[in-house]
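Just so we're aligned: the sequence shown equals residues 47 to 557 in the numbering used here.
Ideal Cβ placement from N, Cα and C applies to all residues, glycine included.
Computed from a prediction, not measured in an experiment: that's the story for all the values here.
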Amino acid sequence: MATRFRAAGLKVTVQRSQTATIEGDRSTTTVRAVRTGFSQAKVVLAADRATPGSGEAPLTGTATLLELARAIGGRTVMHTVEFVSTGAGPGGALAEFTTPSESTIAAVALGETSGAGLHRPFVVPWAEARSVAAPLALERSAASALANETGLNPGEPTSSSRLARLALPLTTGDQGQLLSAGVPAVMVSSSGEEAINGSAMAGNQLDSFGRAVLRLAGVLDGGSVKWPGAPSAAIPIRDRELPPWVLALLSGSLLAVALVVGVDGLARARRRRIPVLPSIRWFVSAWPVFGLMWAWLLLAGAVGVIPGVPASVPTPGSVPVAWAAVAGLPIVGILGWIFVRPAIRGGETDYARPEAAPGPGEAAPAALMLMGVAGGAVIWLVNPVSALLVVGFVHIAPWLADPNRAIRRRHGFVLLALTVLPVLLALLSLMSSFGAGPIQFAWLIVLQLSGGSVGILGGLIATLFAGLVASLVVVLWRSNQDTDFDFVTRGPLTYAGPGSLGGTESLLGRR
Numbered sequence: 047m048a049t050r051f052r053a054a055g056l057k058v059t060v061q062r063s064q065t066a067t068i069e070g071d072r073s074t075t076t077v078r079a080v081r082t083g084f085s086q087a088k089v090v091l092a093a094d095r096a097t098p099g100s101g102e103a104p105l106t107g108t109a110t111l112l113e114l115a116r117a118i119g120g121r122t123v124m125h126t127v128e129f130v131s132t133g134a135g136p137g138g139a140l141a142e143f144t145t146p147s148e149s150t151i152a153a154v155a156l157g158e159t160s161g162a163g164l165h166r167p168f169v170v171p172w173a174e175a176r177s178v179a180a181p182l183a184l185e186r187s188a189a190s191a192l193a194n195e196t197g198l199n200p201g202e203p204t205s206s207s208r209l210a211r212l213a214l215p216l217t218t219g220d221q222g223q224l225l226s227a228g229v230p231a232v233m234v235s236s237s238g239e240e241a242i243n244g245s246a247m248a249g250n251q252l253d254s255f256g257r258a259v260l261r262l263a264g265v266l267d268g269g270s271v272k273w274p275g276a277p278s279a280a281i282p283i284r285d286r287e288l289p290p291w292v293l294a295l296l297s298g299s300l301l302a303v304a305l306v307v308g309v310d311g312l313a314r315a316r317r318r319r320i321p322v323l324p325s326i327r328w329f330v331s332a333w334p335v336f337g338l339m340w341a342w343l344l345l346a347g348a349v350g351v352i353p354g355v356p357a358s359v360p361t362p363g364s365v366p367v368a369w370a371a372v373a374g375l376p377i378v379g380i381l382g383w384i385f386v387r388p389a390i391r392g393g394e395t396d397y398a399r400p401e402a403a404p405g406p407g408e409a410a411p412a413a414l415m416l417m418g419v420a421g422g423a424v425i426w427l428v429n430p431v432s433a434l435l436v437v438g439f440v441h442i443a444p445w446l447a448d449p450n451r452a453i454r455r456r457h458g459f460v461l462l463a464l465t466v467l468p469v470l471l472a473l474l475s476l477m478s479s480f481g482a483g484p485i486q487f488a489w490l491i492v493l494q495l496s497g498g499s500v501g502i503l504g505g506l507i508a509t510l511f512a513g514l515v516a517s518l519v520v521v522l523w524r525s526n527q528d529t530d531f532d533f534v535t536r537g538p539l540t541y542a543g544p545g546s547l548g549g550t551e552s553l554l555g556r557r
C-alpha cells in the first residue's frame with residue numbers, strides 16, 4: 047500500500063498499533079497518504095484491507111482507494127485529501143486510525159464496491175453509540191453520485207428506519223465511530239451493512255462505484271469548509287425535516303406526565319398508610335439478576351471465553367458464536383433468581399409453592415411507575431429518541447401491576463407485549479439492515495454487552511428495565527383472573543315488585 051501511494055505522488059506515513067480485532071488484540075499497520083491542498087481543511091477517504099476470506103469482493107474497497115489515490119494524486123485540490131488504509135478488519139474501529147479533528151470536513155469509508163452483493167441502501171449514514179446520522183447533504187450527494195454513475199437505485203432509508211437507528215445507535219459500517227467523534231461521514235458499499243461472502247468474486251460495478259466516489263470527493267473538495275455540516279438527528283419527512291428537539295420534547299413530555307401520575311400515586315399510598323418501600327424493593331430485586339448476567343458476559347470477554355471482542359460492531363458472522371458464554375447466561379440467571387432475588391426482596395420463599403411468595407403489595411403501581419420514570423429520565427438525558435422506546439412500558443405497566451384491578455392473565459400478557467413492541471420493532475429494523483438471522487443478530491448484541499461498548503450507564507439501564515419486565519411477568523403469572531367475572535346485583539335477589547319493600551296499602555280489606 048505504501049509503495050502504491052508513493053507512486054501516486056503522495057506523502058506517506060506508516061503507523062503500527064495494538065487494537066481489538068475479531069481475533070483478539072493484534073498489532074495492526076495503518077498506512078496514511080496525503081495530497082496537500084490550498085486549505086488545511088481535510089477530506090478523508092478510508093478503507094480496511096484486512097477482510098476475512100480469500101475472495102476478491104472484500105478487497106474491492108481497497109482497490110477503489112488505490113485508484114482514487116492515483117486519480118487525485120495528479121490533481122490540484124482545494125482541500126487536503128487524506129487516504130487511510132487500515133488493517134484491523136471487521137469491528138476494528140476505523141476512527142482510531144483516521145485521527146479525526148476539527149479540520150476534517152467529511153470522511154468517506156469504502157466497503158464492497160464491485161456490486162458482488164447488492165443490499166440497499168448503498169450509502170450508510172448511521173453513527174455508533176450516538177444518536178446522530180450523517181448530514182443529509184452528504185448522504186444525498188453520495189446517493190446522487192452513485193445513481194448517476196452506476197445507473198442503479200442506491201436506496202434511501204425510510205423515516206421509520208431512521209427513527210429506529212437513532213433510538214438504537216448501532217452500525218456495522220466503518221463510518222459509525224467517525225460520526226460518534228463528530229466527523230461527518232458515510233460508508234459507500236454495494237452490500238450496505240450486510241456481510242459479504244469472504245470467498246466471493248468481484249462484481250462488474252467496480253469502475254462505476256469508483257467513479258461515483260471520485261465524483262463525491264470532487265464535490266467535497268469544491269465545497270466550503272462549513273459544508274456539509276455537522277452530524278444531525280433530523281429525520282426527513284417528504285420535503286421537510288423533523289428537527290431533533292421535537293422528539294426530545296415528545297418523549298420528555300410523556301415522561302413528565304408519568305412522573306406526575308407516579309407522585310400522585312405515591313401520595314395516595316402515603317395517605318392510606320400503605321408502605322411503598324417494600325414494593326420498590328420487590329421490583330428492584332430482579333435488577334441484580336440481570337446485572338449478574340451482564341457481569342458474566344463482561345468476564346467472558348475479559349478472560350477469553352469469548353475469544354475475539356472487537357472494538358466496534360462487526361459484520362454478522364465474522365465472529366463465531368462462543369456457546370460456552372451463551373450457556374452460562376441461563377445458569378447465572380437461574381442461580382441469581384433463586385438466591386439473590388429473594389435475599390433482596392425479603393420474605394420467606396416456599397419453592398414448592400411459588401405462588402405463595404410475597405407479592406409487590408398495593409403500592410406496586412406507584413413504585414413501578416416511579417422506577418420506570420427514573421430509568422426513562424436517565425435515558426432521556428443521554429438519548430431522547432431512545433426514551434420513546436420505554437414510554438409505553440412506563441405508562442401501561444403500573445396499570446397491569448395494580449392488585450385491585452381485575453385483569454385476565456392473557457389480556458395482561460398481550461398488553462405487556464404491546465409495551466415492549468417498540469423495542470422489538472427497532473431490533474427487527476436493525477436485523478434487516480444487517481442482513482442477519484436471529485441467532486447472528488442476538489450474538490452481535492451479546493458482543494456489544496461483553497465488550498463493554500454499551501457503557502456502564504447503558505448496561506445498568508438495560509438490566510433495570512429487563513428486571514422490571516421480568517417482575518411484571520411474575521405479577522401477571524400469579525394473576526387468578528382467568529375465570530369469568532361474577533356480576534352481583536345490589537338489592538334483593540328475588541321478586542322486588544310493588545309491595546315487596548312496603549309503602550303500599552294492603553288490598554285484603556277492599557272487597
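Proximity below 7 Å, CB of residue i to CB of residue j
| i | j | result |
| --- | --- | --- |
| L212 | A279 | yes |
| R326 | A410 | With the sequence shown as reference, residue 326 is identified as Ile, and Arg is not the correct amino acid for it. No, Cβ-Cβ distance for I326 and A410 is not below 7 Å. |
| T132 | D94 | yes |
| G55 | G157 | no |
| A173 | L225 | yes |
| G161 | S236 | yes |
| V436 | G458 | no |
| L81 | V130 | The amino acid at residue 81 is misidentified as Leu; the sequence shows Arg. In this structure, V130 does not lie closer than 7 Å to R81 by Cβ. |
| M233 | A153 | no |
| S63 | H125 | no |
| P362 | Q221 | no |
| S517 | F336 | no |
| V58 | V89 | no |
| E239 | S73 | no |
| V367 | T218 | no |
Reduced DSSP secondary structure (H/G/I, E/B, other) of residue i
| i | result |
| --- | --- |
| R81 | strand |
| F336 | helix |
| T108 | helix |
| T122 | coil |
| I352 | coil |
| Q486 | helix |
| A398 | Low confidence applies to A398: its pLDDT is 47, below 50, so where it sits in the model is not reliable enough to give any reading. |
| L214 | coil |
| M47 | coil |
| E158 | coil |
| Q527 | With a pLDDT of 49 at Q527, under the threshold of 50, the modelled position of this residue cannot be trusted, and the question is left open. |
| Q223 | helix |
| D229 | Going by the sequence as given, residue 229 is Val instead of Asp. In this structure, V229 counts as coil in the three-state DSSP scheme. |
| V58 | strand |
| Q494 | helix |
| W369 | helix |
| W328 | helix |
| W273 | coil |
| D71 | strand |
| V303 | helix |
| V170 | strand |
| S63 | strand |
Spatially closest choice to residue i from the options, by CA coordinates
| i | options | result |
| --- | --- | --- |
| R454 | P406, S525, G418 | S525 |
| L514 | S475, M415, N429 | M415 |
| I151 | L344, P277, P484 | P277 |
| W291 | F385, A423, G422, N429 | N429 |
| A294 | T97, F336, W426 | W426 |
| L434 | L467, Q251, E128, I320 | L467 |
| A92 | A231, R186, V178, I502 | A231 |
| L105 | A241, T49, A389, L464 | A241 |
| A87 | P274, T110, T76 | P274 |
| L184 | A246, T108, V229, D310 | V229 |
Cβ shell of residue i (< 6 Å), same chain only, five flanking positions each side left out
| i | result |
| --- | --- |
| G405 | none |
| A189 | V169, P200 |
| I281 | S205, R208, L288 |
| G268 | none |
| R176 | P215, S226 |
| G497 | G347, V355 |
| A371 | A346, V351, I352 |
Close Cβ partners of residue i (< 8 Å) along its chain, the five nearest in sequence each way excluded
| i | result |
| --- | --- |
| R314 | A412 |
| L559 | Here the chain has residues from 47 to 557 only, and residue 559 is not among them. |
| V424 | L503, I507 |
| M47 | V77, R95, T108, L112, S131 |
beta-carbon residue i near the ligand PLP non-hydrogen atom, thresh 6 Å
| i | result |
| --- | --- |
| A447 | In the structure on display, the ligand PLP does not appear, and there are no ligands present to speak of. |
Own chain residues within Cβ distance below 7 Å of residue i, not counting five before or after
| i | result |
| --- | --- |
| T509 | W333, F336, G337, W340 |
| F178 | As written in the sequence, residue 178 is Val, which differs from the Phe given in the question. Correct list, in chain order: L225, P277, S278, A279. |
| V419 | L301, A304, L305, G308, V440 |
**Study point:** Sequence ranges, alpha helix (DSSP H) only - wholly within the segment 447-480, length at least 4
**Key:** For the segment 447-480, the continuous alpha helix (DSSP H) assignments of 4+ residues that do not extend past its boundaries occur at 455-480, in sequence order.
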